[in-house]
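Heads up: the sequence shown begins at 1 in the UniProt record's numbering, then just goes up one per residue.
Quick reminder that beta carbons are idealized off the backbone N, C-alpha and C, glycines included.
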Amino acid sequence: MHNIGKTEFMKALGAGVLHSLFSLFVILSSLWLCMALWIQEPISWLFSRILIGIWIAFALSILGIYATQHVFSRKKDVIIYILGFLCSLLWYFGLQAKQDRDWAPEVSQILHYEKQGNIITLHNIRNFDWHSDGSYTERWETRKFDLNQITGVNIVTSYWMGPQIAHTLVSFDFAHSRPLTFSIEIRKEKNEEFSAIGGFFRKYELSLVAADEKDIVYTRSNVRGEQVYFFPIKMSKAERIALFEEYLHKADELAKHPKWYNTLTSNCTTLVFDMVQAVSPQKLPVDYRLFASGYLPNYLYDLQAISPQWDMRTWYLRAHVNPRVSSFQKLSSTDYSRLVRKGLPHPAQ
């Protein structure tokens, strides 16, 4: 009798665990699906809300409107739920990134280039003239660069929502050319705003922007009022060239196969890390600061990629761009790039 009781208890415990796990699955999968439908709005706004309402009602029935029944005694409903969720996964992962949307002007052009030895001709470099009210004069340029003339690499972090999250840009110095800055960004459509939540649900395509510093850094420090920091990075000449070429490969990749932006896994910082990892002679450690991108400079400091001549508190004070440029309304590209570097060391290679 004792063994029978123990066996029954173990069966009941196992069934309870399965019931709890399935209930958790229903809650999480329903939350994900409802968010995906809300963000994507398949067919129409109204149809999406109707689908969300139907799915919530069905999920609640599975979870226990009939409190006296065990969920696995209603196998038909469970099977329907699982099949319905599998169909939603097929729909979601079947969504294709596109090149032919009605893009916002600042991401409307696709970067492309020609390469002859070490000479790179880049087309569609953005060099907008940004105004204090957020408007701009649109201008796209073609420039030539000699890879052998790359003299430095800089990480630029721009903060707009607290110390944990920052937008990451990479700027290259050249001996006889103006600096060039690369930025991995969302490719917004006209009248579309950024949403971190939307970035989890295939709301935006990825865009690689190559721009003049006076365009892409100035608009953050002087127009949007973001807090911008500029950190020279220690890299060998071979690594600098290889990193620039990684950006060219990324431009090729996105031109041929558009991709989705993802707030967590495929964003302005994680993709830069992937490219740096590809050219680094040693494996770089994965760190939470790659996801809490506001702390990326601290991560680089710990790797000794940022000069140890100052501690990080001093670095943040010295690297802060805004105090050096915020009082200027009219600056040339050359003057702006000079000011953002003022007082910063050029790291030994």
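Taking a 10 Å sphere around the C-beta of H249, we find fewer than 16 other C-beta atoms and assign the residue as exposed. In the DSSP assignment, G152 is bridged to D173.
A Cβ-Cβ distance of about 6 Å is found for the pair R178 and D212, placing them in contact under the 8 Å criterion. At a cut-off of 4 residues, the continuous stretches assigned as alpha helix (DSSP H) that sit fully inside the region 27 to 72 are 45 to 60. Rounded to the nearest angstrom, the gap between the Cα atoms of K330 and P281 is 42 Å.
Between the C-alpha atoms of H112 and T263 there is a straight-line separation of about 25 Å.
Nearest to E41 by C-alpha distance, out of F25, K203 and I79, is K203. Going by beta carbons, I155 and N267 fall outside the 8 Å limit. In the three-state scheme derived from DSSP, where H, G and I count as helix and E and B as strand, T270 is classed as helix.
Assignment of Q227 by DSSP, reduced to helix, strand and coil, places it in the strand class.
If you compare the alpha carbons of A196, G162, T151 and I165 with that of A175, the shortest gap goes to T151. Per DSSP, reduced to three states, the secondary structure at N222 is helical. Here K342 is exposed: its Cβ has fewer than 16 other Cβ atoms, across all protein chains shown, within 10 Å. Excluding the 5 residues flanking it on each side, K234 has same chain C-beta neighbours closer than 6 Å at A305 and P347, in chain order. Assigned with DSSP and collapsed to three states, Q116 falls in strand. Using a Cβ distance threshold of 8 Å, L296 and T168 count as a contacting pair. One alpha carbon belongs to A166, the other to S236, and they sit about 26 Å apart. For the region 94 to 141, not one full-length alpha helix (DSSP H) segment reaches 4 residues or more.
Contact check for W260 and L339: beta-carbon distance about 36 Å, past the 8 Å limit, so the pair fails to qualify. Burial check for P323: the Cβ neighbour count within 10 Å stays below 16, so the residue is exposed. In the displayed model, V217 falls within coil according to three-state DSSP, outside both helix and strand. In the structure shown, the three-state DSSP call for N322 is helix.
Residue environment: F182 is assigned as buried (16 or more neighbouring CB atoms within 10 Å of its CB, all protein chains considered). Distance between S108 and V209, taken at the CA atoms: about 10 Å. Just measuring C-alpha positions, the residue of A36, L63 and S44 sitting nearest L21 is L63. Put simply, the backbone Cα of E253 is about 10 Å away from that of Y247. Take V26, set aside five residues on each side of it, and the residues of its chain with a beta-carbon closer than 8 Å to its own are A59, I62, L63 and Y81, in chain order. Collapsing the DSSP output to three states places Y159 in a strand. Between V321 and S221, the beta carbon gap of about 5 Å places them in contact (Cβ cut-off 8 Å). Here A166 carries a strand assignment [DSSP, helix/strand/coil]. Distance from the CA atom of L46 to the CA atom of I56, rounded to whole angstroms, is 15 Å. Secondary structure at L206: strand, using DSSP grouped into helix, strand and coil.
Annotated three-state conformation of F145 is strand, per DSSP.
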